[in-house]
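In my numbering, the protein residues as written are 2 to 104.
Structural data, given as structure tokens:
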């Protein structure tokens, strides 16, 4: 998972090889945490009998990513292409406030 911090947005990119778009979800838990979950189907029991080594992961996966700034779901987008999930999250504008003159 890569997290990039830009001026007005945070971009999260996750490689999910072998996962279908229908099996991927991205959920903003709060302004600083994004949860990415996916499911990848494995071989049937008959296909899984002759392995010498097996390192690829199958089944349910979930990862919570801490974000470098507060973000909002408004105006945010997510896309999934060629096994790569890209989530673009709009940053919450910093409160500018107003200066109070001191006498």
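Glycine included, each C-beta is placed from N, C-alpha and C at the ideal position.
Kindly indicate which residue of the options has the alpha-carbon position closest to the one of residue i.
i	options	result
residue 84	26, 77 and 100	26
residue 63	88, 36 and 82	36
residue 7	71, 60 and 100	71
residue 60	99, 50, 38 and 100	38
residue 57	89, 40 and 96	40
residue 9	23, 89 and 82	89
Are the beta-carbon atoms belonging to residue i and residue j less than 8 Å from one another?
i	j	result
residue 11	residue 68	yes
residue 86	residue 15	yes
residue 80	residue 91	no
residue 13	residue 20	no
residue 30	residue 65	yes
Suppose you measure from the CA of residue i to the CA of residue j; what does that come to, to the nearest Å?
i	j	result
residue 33	residue 103	35 Å
residue 18	residue 74	26 Å
residue 1	residue 100	The chain is shown from 2 up to 104; residue 1 falls before or after that span and cannot be answered.
Starting from the N-terminal side, write out each stretch of the beta strand (DSSP E) that is 3 residues or longer and does not extend beyond the region 2–64. 3–6, 10–16, 25–31 and 34–41
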